[in-house]
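Below is one structure, written out as structure tokens; the observations come after it.
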Amino acid sequence: MTTDAIKDRTGAGVLGRTLGRMLGRQGSGTQFVMGAGLLAAALWALNGGPFLNLVGQSCAVYAVAAIGQSVLIGSAGQIALSGAAFMAIGAFVTGSLAGTPLETFPFPLLICAVVGWLVGLLSGLPGLRFRGLYLLLSSLALQFMVTAVTKNYQSARHPAGLEVPPLHIGPLDVSTGQSFYIVLITLLATVYLVVALVERTGVGLAWRAIRESEEAAAVSGVDAVRWKLYAFAMSGAITAVAGCLMAYLVGRADYETYNLNLSIALITMIYIGGIRSRLGALTGAVIITALPYILQLRLPGWLAGLGIDANWYTENQSIANAGLFNLLFLLVVLFEPEGVQGLLGKAERLLRRTLSGRRTGRTTESPA
Amino acid sequence: MNADSEVKTDARRLRVDGVDVDLGGVRILRGVTFDVRPGEVFGIVGPNGAGKTTILNVIDGIVRPSAGTVRYGDVDLCRVRPHDMRKHGIGRSLQSTHYFRDLTALQLVALGELPNSIVGALRFAGHRKRRKAQAEARDKGMEALRQFGLEQYANRPLSELSSAVQKLVDIARAVVTGGELLLLDEPTSGVSGHERGGIGEALRRLRTLGRTIVLIDHDPGFVTGNCDRLMAMNFGEVLDVGLPDEVMSSEAVKRSYLGESANTDVGIERDL
Amino acid sequence: MSVVAQAVVGTIVTGSVYGLVGVGFALLFRASKVLSFAQGGFMLLGAFVFYSLVTGGRPFLPAVLVTMITVAAFSAVVYVLIFARVAAREAFATSVATIGLAGVLQAAVGIRYGTAPLSLPDVVSTRAFRILGAVVQVADIVAVVMAVTVVAALVLILRHSQIGLRMNAVADNATLAVHLGISSARIATVAWALAGGTAALAGIAFSLRSAVDPVGVANIGLLAFPAIILGGLGSVGGALAGGLLLAGIQNAVRIGIGAGWVDFVSFALMLGFLFFRPSGLFGKAEVVRL
Ligand SMILES: Nc1ncnc2c1ncn2[C@@H]1O[C@H](COP(=O)(O)OP(=O)(O)OP(=O)(O)O)[C@@H](O)[C@H]1O
Ligand SMILES: [Mg+2]
């Protein structure tokens, strides 16, 4: 390829045209708005001082976990309630590596990914026999079993939780503030890209086919069992990595963090953001992670402004937030399964219709 | 195409012999026996719930018979898993196409040649519209869409397409999955009268290519006009097998069709 | 000896509570193929409504009745207002959504009553008997009697009443039942009401023994899952049997291995059943439709 061709491709005119073509598709506007919003939020959190750094750090960790869950639930369509179990596995593996030669940074991450992959494969085995409700129940069983094992291990050996040393990369201390945030965002971007690339290939196609109908996929020659197992494994690996990062974020691994409520919170994230895409998972993770901070700061003021007594909220903040998220989850699952992305998509369609209707003097024709 | 015509010569016959199927404690097929000669179009008619789809499920490995055998050439199909059927050249279209919503036509058709190995699938690109025409020409999926005149729908989600087009895309998928023996489950159901022509035409083309076809349809007129031999069934049993006109005029078949005409319009949508 | 006897008594009582929650699951599953995660939430609601009534001075029996009716009505209303339209189309999405409902109920109760256990005034006699070396409180007997009565009544209703027969028809073949003119929405509403009512009773039965403990109650709601899988999803009698069996196993584990392993063994058992015998001990083999 000549340098001319490269120059031509990156020329502003071509870029503009490509952008125009990309934005011409229904749904691309939504993606653009969500992507830009997330990017802006990420930059804001980077430069907004220690508190925003901290919020950004949790958002990034939960976003990794949400992507892990969305591989399984969103892409392959296998609903499971065991996200927290995999995070627990990641956190406890990281905690147990502390003090061993393998505690140097990339090792815990890699080991978590491998262990998560293997446990994910195991957890997919029940999926060979059944799906739907039974699979949901088997993932619930896994969640409780992992909680029990980590709890017993913790109370026998480290009653206060397993300590995790501050994160160092080489000689650099990157355990707090902006530097830790940058590490997390980099990892998040890597995970995001890897998943995006994988889903573009035949693997993603197989997952989508299974999600829509396992029998019909099988009739087409897709080995549903095998691809389901890979979805479980990949989801397990990513979620365990999130657990590892969580352990670094909190500085310790404690079984109480990784209970059923966290699993539910993780599915809530991907449902609220939009079950069908990774962008949705990211959005949901940020909403669910950041909202409590916003509510804590603002809600009492708003309620007081409306003349409502805010005491019940300030006194029961975590319970009230949990209730609110559960309510959101309930409504989204029942009435808007595509979450924020679905809503934005609807708005976009409406906008496109009015715009093109005005331009051509009629509404767009229905497809053949 | 050359490879295809070679396959035809080592003549494979599909033999279904004494098949019983029990599901949920109910006998759904009883002693079903027939065989399909290479290169012929074999029609199956029968009222709702007669067990036509179940026969295809048995051939395709989705339902295992409780008695009897299914052989294709010298392969015992009862030992082959559904997704391996394509290795034996068997493709299947589905009765209802509402399963796949988000997939585009090209993606659906590409499923038929998606490798099941991780490396193969990671390198697979048959489901993506590509820039270079040569790269695309290597993909069976795009080629099959072109054969059926569907390339303009390649990147449209299936849910946006009319049911006639959906059916055609699904037949194209079956052809990509396994071109030698095609199991077509009601290709005209849900398709309006004047759109059936296109599907009939596709069938005739497949037939001239020498494909062996098992064709199920509700509409006796459509089947008799498009098949070499016909099997009529009811309540999970074979009523008659033979030339289409003979079968349609046999007493047992007439009776079963008159008898069921009262409830044909119940039309409970059944899976697969 | 007395340890074993005490464990047997504990098994029967805890098992009855599991059974009471479990019959609600079974009813809902039969009527609408929905597996409700919200039974624990309704239990909690029942326990606290009951608590409010008795601390307000109501006598035992009226308080139980009012609680049951209130929670049953609430459950039916929730179904009609929120779930009905979706449930008819998608049992699975509805099941997933009940996870959210459970959280909402738990939060509502938590905000209103706090999360620390509340002790009930003596609503039933605090007398205890000694049977074969085991101490049996009146509360225990009341809990068991409630469970057995409710399960027996439900089994009778399902076998002999009009609504029960219809429920069976829907459970056997929902599509056909619609063609026979059975309104599956009405059946589902009744099932939700019954499930709510029985869950409330379970909440009361559990609280009578000790205190109204939100965490404990919610746990029972989740531990009922192994119980119903053991008994067989959709089998009302099986739910009670599964509850008793699970409670027995749990007590054995508690004595033999240690309390820390109770949850582990319960859910491992559930996983084993799901894998090797998904219809449970008493359920009908579920036909997986292609
Ligand atoms: N998995 C299953 N479990 C139980 N019964 C089944 C199952 N699949 C099909 N049946 C029953 O078997 C009978 C035959 O079904 P089948 O789908 O083969 O009929 P069909 O001839 O294809 O009917 P249609 O013309 O409506 O497509 C029906 O009564 C159906 O209810
Ligand atoms: Mg059929």
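Chains as they are written, first to last, in the numbering used here: chain A, 1 to 368; chain B, 1001 to 1272; chain C, 2001 to 2290.
In this text, a Cβ means the ideal position worked out from N, Cα and C, and glycines have one as well.
Integer-rounded CB distance, given that residue j should sit under 8 Å from residue i
i	j	result
Gly127(A)	Leu140(A)	About 14 Å separates the two Cβ atoms, so there is no contact after all.
Phe1945(C)	Ile2220(C)	As shown, chain C starts at 2001 and ends at 2290. That puts residue 1945(C) outside it, with no answer to give.
Ala45(A)	Gly37(A)	Actually they are not in contact, since the Cβ atoms of Ala45(A) and Gly37(A) sit about 13 Å apart, beyond 8 Å.
Ile1062(B)	Leu1183(B)	Between Leu1183(B) and Ile1062(B) the Cβ distance is about 11 Å, and since that is not below 8 Å, they are no contact.
Ala88(A)	Tyr255(A)	6 Å
Asn152(A)	Gly2260(C)	5 Å
Gln369(A)	Gly301(A)	The structure shown does not extend to residue 369(A), since chain A is modelled only from 1 through 368, so no value can be given for it.
Leu295(A)	Ala66(A)	Not really, about 20 Å apart at Cβ, beyond 8 Å.
Tyr271(A)	Gly284(A)	7 Å
Continuous alpha helix (DSSP H) stretch holding residue i: start and end
i	result
Arg961(B)	Within the shown structure, residues of chain B are numbered from 1001 to 1272, placing residue 961(B) beyond reach of any answer.
Asn47(A)	28–47
Met87(A)	83–97
Asn326(A)	317–335
Leu2045(C)	2039–2055
Leu167(A)	Element bounds for Leu167(A): n/a, residue is neither H nor E.
Phe2275(C)	2262–2276
Ile1028(B)	Taken as a continuous stretch (DSSP letters only), Ile1028(B) belongs to no alpha helix (DSSP H), being part of the beta strand (DSSP E) at 1026–1036.
Thr1188(B)	Premise fails: Thr1188(B) is in no alpha helix (DSSP H) and is neither H nor E.
Glu1237(B)	Counting along the chain, Glu1237(B) falls outside any alpha helix (DSSP H), though it belongs to the beta strand (DSSP E) covering 1237–1242.
Gly202(A)	202–212
Val225(A)	224–250
Exposure of residue i, with buried meaning 16 or more beta-carbon neighbours within 10 Å
i	result
Ser422(A)	No statement about residue 422(A) is possible, as the shown extent of chain A runs from 1 to 368 and does not include it.
Thr364(A)	With a pLDDT of only 42 at Thr364(A), under the threshold of 50, the placement of this residue in the model should not be trusted; the figure read from the coordinates follows. The residue in question, Thr364(A), is exposed, as its Cβ has fewer than 16 Cβ neighbours within 10 Å.
Leu2156(C)	exposed
Glu1269(B)	At Glu1269(B) the pLDDT is 39, less than 50, meaning the model places this residue with poor confidence; the figure from the coordinates comes in the next sentence. It counts as exposed.
Ile2131(C)	exposed
Asn1057(B)	buried
Gly323(A)	buried
Asn1155(B)	exposed
Thr2189(C)	buried
Arg2186(C)	exposed
Thr257(A)	buried
Gly77(A)	buried
Val2145(C)	exposed
Leu2158(C)	buried
Leu1150(B)	buried
Ile2012(C)	buried
Val2215(C)	exposed
Ser1066(B)	exposed
Ile169(A)	exposed
Asp1035(B)	exposed
Glu1193(B)	Reading off the sequence shown, one finds Gly at residue 1193(B), where the question assumed Glu. The residue in question, Gly1193(B), is exposed, as its Cβ has fewer than 16 Cβ neighbours within 10 Å.
Val1102(B)	Before going on, a small fix: residue 1102(B) reads as Asp here, not Val. Burial call: exposed.
Ser235(A)	buried
Residue i, enclosing beta strand (DSSP E) - first and last residue
i	result
Ala1101(B)	For clarity, residue 1101(B) is Arg in the given sequence; the question names Ala instead. It is not in any beta strand (DSSP E) - Arg1101(B) carries neither H nor E in the DSSP assignment.
Arg1146(B)	Looking at the DSSP string, Arg1146(B) is not in any beta strand (DSSP E); the run it does join, the alpha helix (DSSP H), is 1140–1147.
Val1070(B)	1067–1072
Ala2134(C)	2134–2137
Asp1022(B)	1014–1023
Val1214(B)	1212–1216
Phe1042(B)	1041–1045
Short CB-CB distance (under 7 Å) between residue i and chain F
i	result
Ala2097(C)	Checking the listed chains, one finds no chain F in this structure; the protein chains it contains are A, B and C.
Check your understanding: Any contact of the region 1233–1253 of chain B with the region 1025–1044 of chain B, i.e. 3+ C-beta pairs under 8 Å?
Key -> yes
Check your understanding: Using 8 Å as the threshold, is the region 170–186 of chain A in touch with the region 259–278 of chain A, meaning 3 or more CB pairs across them?
Key -> no
Practice item. Tell me, please, whether the region 2032–2046 of chain C touches the region 2258–2270 of chain C by the rule of three or more beta-carbon pairs shorter than 8 Å. Key: no
Review point. Does the pairing of the region 46–61 of chain A with the region 105–116 of chain A give three or more beta-carbon distances under 8 Å?
Key: no
Review point. Does the pairing of the region 331–347 of chain A with the region 311–322 of chain A give three or more beta-carbon distances under 8 Å?
Key: No contact exists between the region 331–347 of chain A and the region 311–322 of chain A.
Exercise for review: Examine the Cβ distances between the region 2077–2089 of chain C and the region 2015–2024 of chain C and report whether three or more of them are shorter than 8 Å.
Suggested key: Under the three-pair Cβ rule at 8 Å, the region 2077–2089 of chain C does not count as touching the region 2015–2024 of chain C.
Check your understanding: Would you call the region 1195–1214 of chain B and the region 1096–1115 of chain B in contact, with 3 or more CB pairs under 8 Å?
Key -> Between the region 1195–1214 of chain B and the region 1096–1115 of chain B there are fewer than three C-beta pairs closer than 8 Å, too few to call the two in contact.
Check your understanding: Three or more beta-carbon pairs under 8 Å between the region 58–74 of chain A and the region 279–299 of chain A, yes or no?
Key -> yes
Point to revise | Three-pair Cβ contact test at 8 Å for the region 90–104 of chain A versus the region 160–168 of chain A | key: yes
Practice item. Pair every Cβ in the region 2041–2059 of chain C with every Cβ in the region 2162–2171 of chain C, then say whether three or more of these pairs are closer than 8 Å. Key: no
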